[in-house]
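Heads up, the thing below is written out as C-alpha cells.
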Amino acid sequence: MEYAFLSKNVSIKTVSESASEGVFEISGLYRGYGMTLGNSLRRVLLSSLPGAAATQIKIKGVKHEFSTISDVLEDVVDITINIKKIRFKIFSDEPQVLTLKKKGAGKITAGDFKANAQIEIVNPEVHLATITSKSAELDMEIVVEKGLGYSPVETRKTEKLPIGSIAIDALFTPVVNVNFEVENMRVGDRTDYNRLILTIETDKTITPSQALHKAASIFKDHIEIVLGVNVKDESGAKKKESEVKKATKKSKK
Numbered sequence: 204m205e206y207a208f209l210s211k212n213v214s215i216k217t218v219s220e221s222a223s224e225g226v227f228e229i230s231g232l233y234r235g236y237g238m239t240l241g242n243s244l245r246r247v248l249l250s251s252l253p254g255a256a257a258t259q260i261k262i263k264g265v266k267h268e269f270s271t272i273s274d275v276l277e278d279v280v281d282i283t284i285n286i287k288k289i290r291f292k293i294f295s296d297e298p299q300v301l302t303l304k305k306k307g308a309g310k311i312t313a314g315d316f317k318a319n320a321q322i323e324i325v326n327p328e329v330h331l332a333t334i335t336s337k338s339a340e341l342d343m344e345i346v347v348e349k350g351l352g353y354s355p356v357e358t359r360k361t362e363k364l365p366i367g368s369i370a371i372d373a374l375f376t377p378v379v380n381v382n383f384e385v386e387n388m389r390v391g392d393r394t395d396y397n398r399l400i401l402t403i404e405t406d407k408t409i410t411p412s413q414a415l416h417k418a419a420s421i422f423k424d425h426i427e428i429v430l431g432v433n434v435k436d437e438s439g440a441k442k443k444e445s446e447v448k449k450a451t452k453k454s455k456k
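Counting in the working numbering, the sequence shown runs without a single skipped number right up to 456 at its last residue.
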C-alpha cells in the first residue's frame, strides 16, 4: 500500500522579506510534518550554513588578551568582543588579513580597516576602540576566514599562531535566529493538515531566502543518503536503488 503524504496543494510563499528578516509559509503539509520539517530546517539553518568571521587578532605592543593599551579607552578583551560583532562577506577560500592603523584621538570603527578586494564588511559602523591622545596610535590586524557554526578557541589549539597573534572564538553562521509556528489547516475534507510558518533572521551577509534554500539543499543531500540503502521485499530479495527511487516518486504523486 502506498501513502500519499504530499497533497496536491502543498505550496510555499514568501510572506515578507528584508535584507535581514524573512517570513515564509509552507502550506498543505500532512499532519505532523509541519513540526518535523520546522525542527529539521531550524537545526540546519543554525548549524550548517557557511559564513565568515575573525579568528585571530594582532595588536602592536600587545602580548596577550588581558593586556591594556596605552591611551586607548578599551582593553584588549573589549576590543576582541567588538571585533566579534563584525560581519563579513568573504570571496576567497583562503584566510584573509585586514589591517588597521589609526593615529590621533577619536573613535575607531570596523570601517577603518584597510580595504581588501576579497572581503566586504557588512556593518562598518561597529565601534572597535577609542584613542584618547592626539599622539597615540593603534596598529592592528585580524585574520578572517570561512567556517561553519561556532568555533571556540579550544577546538583550534593545534594551530601555530604567529608571534603576537591571539586566537579568538569565531561565530561563522550567518543566521542569527530562527523561529517557526505550526497551524492546522483544511485540505479537502480534512482539517488536520499543517501550515508551517518560518521566521528567519540573518546578519545581512546572506538573505533569508538564500539561507532557507541552502538549508533545504543540505537537508535534501542527507536524505538522499538514506535513499541509497538496499531495501528487501517480502521475499527477502534486495531491490535496486533505482527501484527504491521509483517507489519514492510514486508515493509523492
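Ideal placement from N, C-alpha and C gives every residue a C-beta, glycine not left out. The structure displayed is predicted, hence computed values, not measured ones.
Distance, residue j Cα to residue i Cα
{"i": "S336", "j": "D342", "result": "14 Å"}
{"i": "D274", "j": "G264", "result": "12 Å"}
{"i": "K292", "j": "V325", "result": "7 Å"}
{"i": "D315", "j": "T258", "result": "18 Å"}
{"i": "N285", "j": "L301", "result": "15 Å"}
{"i": "A418", "j": "D278", "result": "38 Å"}
{"i": "I215", "j": "F227", "result": "7 Å"}
{"i": "F422", "j": "L248", "result": "10 Å"}
{"i": "E386", "j": "I403", "result": "18 Å"}
{"i": "H267", "j": "E344", "result": "14 Å"}
Burial state of residue i (16 or more Cβ within 10 Å)
{"i": "F294", "result": "exposed"}
{"i": "I428", "result": "exposed"}
{"i": "F269", "result": "exposed"}
{"i": "T376", "result": "buried"}
{"i": "S221", "result": "exposed"}
{"i": "L401", "result": "buried"}
{"i": "T405", "result": "buried"}
{"i": "K456", "result": "Residue placement at K456 is poorly supported in this model, since its pLDDT is 49, which falls under 50; the coordinates are not used for a value here."}
{"i": "T358", "result": "exposed"}
{"i": "I262", "result": "buried"}
Given residue i as reference, the closest of the options once Cα atoms are compared
{"i": "N319", "options": "V346, G309, A339, G307", "result": "V346"}
{"i": "R234", "options": "R389, Q299, K216", "result": "R389"}
{"i": "H425", "options": "N285, G367, F227, S243", "result": "S243"}
{"i": "R398", "options": "E384, G391, D392", "result": "E384"}
{"i": "L415", "options": "L301, N387, S250, G367", "result": "S250"}
{"i": "L232", "options": "V218, S221, N212, I262", "result": "N212"}
{"i": "S338", "options": "K317, A222, V247, K305", "result": "K305"}
Delimiting residues of the alpha helix (DSSP H) encompassing residue i
{"i": "G264", "result": "Run containing G264: none; DSSP gives neither H nor E here."}
{"i": "T358", "result": "Segment: none, T358 is in no alpha helix (DSSP H) and carries neither H nor E."}
{"i": "T239", "result": "236 to 250"}
Run of the beta strand (DSSP E) containing residue i, from where it starts to where it stops
{"i": "A332", "result": "330 to 334"}
{"i": "K292", "result": "291 to 293"}
{"i": "V381", "result": "378 to 390"}
{"i": "S223", "result": "S223 -> no beta strand (DSSP E), and no H or E assigned at all."}
{"i": "N397", "result": "393 to 405"}
{"i": "K287", "result": "It is not in any beta strand (DSSP E) - K287 instead sits in the alpha helix (DSSP H) that spans 279 to 287."}
{"i": "Q413", "result": "Looking at the DSSP string, Q413 is not in any beta strand (DSSP E); the run it does join, the alpha helix (DSSP H), is 411 to 429."}
Residue i: CB within 8 Å of a non-hydrogen atom of the ligand PLP
{"i": "M388", "result": "In the structure shown, the ligand PLP is absent, as is every other ligand, since no ligand is present at all."}
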